[in-house]
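Working notes, beginning with the structure itself.
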Amino acid sequence: MTSLPGLVKRSYDLIKTIERLENYTPMEVEGLYRIVGKDLGQSAKALLDERHDGAGLHFMRVIARHIAEAVEAKEDGKKVILIPFNFPPELIHAFENAVPLTTEVISTIGVTTLEGQGEPYWDYAMSLGIPDYVCSANTIELGSALMSVETLELAPDIIISGAPGSCDANSKIHEFVAEYLDIPELTIDKTGSGKRDYELYRKLFLNMVKELEEFVGEDIDEDKIIEVMERANECTELYWELHELKKHSPCPVPNMFTLFTYGTRFTMWGRDEAISMFEKLVDVAEKRLKRGEYPAEKEIARSLWVYTGYYIDLYDLWIWMENNGITYLTDGLNSFFPAQFEIETKEDALEAIISSAWNYPMTRQMGADNMGIRWFEDLTHVGKELNANCAIYCGHHSCKQTQSVFRIFRDEANKIGIPVLRLDGDAWNRRITPVSVLQEMILDFVQNVVTKRRRRRRR
Ligand code: SF4
Numbered sequence: 002m003t004s005l006p007g008l009v010k011r012s013y014d015l016i017k018t019i020e021r022l023e024n025y026t027p028m029e030v031e032g033l034y035r036i037v038g039k040d041l042g043q044s045a046k047a048l049l050d051e052r053h054d055g056a057g058l059h060f061m062r063v064i065a066r067h068i069a070e071a072v073e074a075k076e077d078g079k080k081v082i083l084i085p086f087n088f089p090p091e092l093i094h095a096f097e098n099a100v101p102l103t104t105e106v107i108s109t110i111g112v113t114t115l116e117g118q119g120e121p122y123w124d125y126a127m128s129l130g131i132p133d134y135v136c137s138a139n140t141i142e143l144g145s146a147l148m149s150v151e152t153l154e155l156a157p158d159i160i161i162s163g164a165p166g167s168c169d170a171n172s173k174i175h176e177f178v179a180e181y182l183d184i185p186e187l188t189i190d191k192t193g194s195g196k197r198d199y200e201l202y203r204k205l206f207l208n209m210v211k212e213l214e215e216f217v218g219e220d221i222d223e224d225k226i227i228e229v230m231e232r233a234n235e236c237t238e239l240y241w242e243l244h245e246l247k248k249h250s251p252c253p254v255p256n257m258f259t260l261f262t263y264g265t266r267f268t269m270w271g272r273d274e275a276i277s278m279f280e281k282l283v284d285v286a287e288k289r290l291k292r293g294e295y296p297a298e299k300e301i302a303r304s305l306w307v308y309t310g311y312y313i314d315l316y317d318l319w320i321w322m323e324n325n326g327i328t329y330l331t332d333g334l335n336s337f338f339p340a341q342f343e344i345e346t347k348e349d350a351l352e353a354i355i356s357s358a359w360n361y362p363m364t365r366q367m368g369a370d371n372m373g374i375r376w377f378e379d380l381t382h383v384g385k386e387l388n389a390n391c392a393i394y395c396g397h398h399s400c401k402q403t404q405s406v407f408r409i410f411r412d413e414a415n416k417i418g419i420p421v422l423r424l425d426g427d428a429w430n431r432r433i434t435p436v437s438v439l440q441e442m443i444l445d446f447v448q449n450v451v452t453k454r455r456r457r458r459r460r
């Protein structure tokens, strides 16, 4: 049906080049843009922007490792475990003979770095008769995984689904792929947000760990999982340091650091690569704070993105906002509230991982007894801490969960003086709404709502 290789195979070829990239000047980045074309060029320009002081390249290497390990694991006979973004990868890092591959991260890599973005894989999924109201965040990568029946893509050995109870679209597409490719799927269901729900979730999670150990053919080693969790604790500390730095105005933490943070969390948490990534982010932000650097004349809006961001054009959205004085403080995906844990045994480590999974974005809010209120409370708590003066919701045609409670969120936010802009479009599919339209809507909102409110408040 198609001769185009899958996302992982194509990304692997690309990252071998990225891993060799060393120092570069802005002129070289411009030259690179001309060679690689617009789709990858926009991302390269954004990631390698001078304000990031090398953090973008560092991030590309982290993601490159994630993909390379999956490809090399296949060659070495290790198991590749496809996990959703709302599943802690540190559990898989505790195995010697298994590696994680995160669905939504692979979709995002496809959208941001490959020519044609995620469109060929989305179209492939649609050509199999999958309805177009599934979530592009996972369907792009899963569309690509479906191509493994034609040997055009790396096939996972097993799928973990962490979405039942919090997102039907996500759960169903993972289930379909497992059926279609005839590979096992392990699911963890969330039934609500009370104590008894947690007890059930915990039991299901521990059962899943046992099944996974049987599948991989290895019992997780106590020393190894403790080491992984000690490194996760270090990541947590650095995450909160970066969060503190975001409280300054103008914000010394560049917009794209939010994306770097959760891209790392969803792939390498508990690994040395994640620690060095976070050290780099904190270091760059501290230096920018000392030098008082901010790319625009002044910071006119401190925006809280209440769910996802847009990944269809990193330069014309994230960098463009910052150049126009609009800070992207954080978003829903970045609000995973990491905690530090005292770990002395394997049991302690598993309890800590279960607690992290329970508090993951989407699981925590969309799997709550009252989605709208939990979502509002969590995000406005973060918004108040970071002194946000506006919020932006990235509309997403398939995200029925957030769409259905958006009104509650907006009305509550308005009551506490945070205006909310609702955008349309799709975070991973530029065919729904082009980035130029998003820019217009954001500028209009900032100029006509946010700055007018600020002026009124000053008067
Ligand atoms: S909650 Fe929305 S964005 Fe998240 S996986 Fe489900 S449909 Fe996609």
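Offset between the sequence shown (1-based) and the numbering used here: plus 1.
Using N, Cα and C, we set each Cβ at its ideal position, and we do this for glycine too.
Shortest gap from the CB of residue 181 to any heavy atom of the ligand SF4: 8 Å or more. Taking one beta carbon from each stretch, the region 299-312 and the region 220-234 have fewer than 3 pairs nearer than 8 Å; the two do not touch.
The shortest C-alpha to C-alpha distance from residue 49 to any of 293, 100, 320 is the one to 320. Distance from the Cα of residue 99 is smallest, within the candidate group 301, 161, 147, 242, for 161.
Residue 395 is bridged by DSSP to 424. Considering only 394, 95, 354, 146, the residue with the shortest C-alpha distance to residue 439 is 394.
Relative to the non-hydrogen atoms of the ligand SF4, the Cβ of residue 335 never comes closer than 8 Å to any of them. Residue 70 sits away from residue 107, with the two beta carbons spaced by 9 Å or more. Taking 8 Å as the cut-off, the C-beta of residue 309 counts as close to a heavy atom of the ligand SF4. DSSP assignment within the region 167-242 yields the following whole beta strand (DSSP E) runs of 3 residues or more, N-terminal first: 186-188.
Cβ-Cβ distances below 7 Å link residue 188 to 162, 165 in the same chain, with the five nearest sequence neighbours on each side left out; the list follows chain order. Under DSSP, residue 81 takes part in a beta bridge, and its partners are 100. With a contact defined as Cβ atoms closer than 8 Å, residue 96 and residue 221 qualify at about 6 Å.
Note that the region 289-306 does not touch the region 237-244; fewer than 3 beta-carbon pairs, one per stretch, sit closer than 8 Å. Under the DSSP assignment, residue 125 falls in the alpha helix (DSSP H) whose first and last residues are 120-128.
The ligand SF4 has a heavy atom closer than 8 Å to the beta-carbon of residue 397. Residue environment analysis places residue 134 among the exposed positions, since fewer than 16 neighbouring C-beta atoms fall within 10 angstroms of its C-beta. Between residue 90 and residue 359 the beta-carbon gap is near 16 Å, outside 8 Å, which marks them as no contact.
Contact between the region 19-39 and the region 243-253 is absent, with fewer than three C-beta pairs closer than 8 Å.
In its chain, beyond the 5 residues on either side, 192 have a beta carbon closer than 7 Å to the beta carbon of residue 201. For the pair residue 354 and residue 428, the CB atoms are not nearer than the 9 Å cut-off.
Beta-bridge partners of residue 306 (DSSP): 332, 393. The alpha-carbon separation between residue 441 and residue 43 amounts to approximately 19 Å.
The beta carbon of residue 328 lies closer than 6 Å to those of 252, 300, 303 in the same chain, with the five residues before and after it left out. Rounded to whole angstroms, the separation of the alpha carbons of residue 435 and residue 39 is 14 Å. Closest by C-alpha distance to residue 12, out of 175, 153, 295, is 153.
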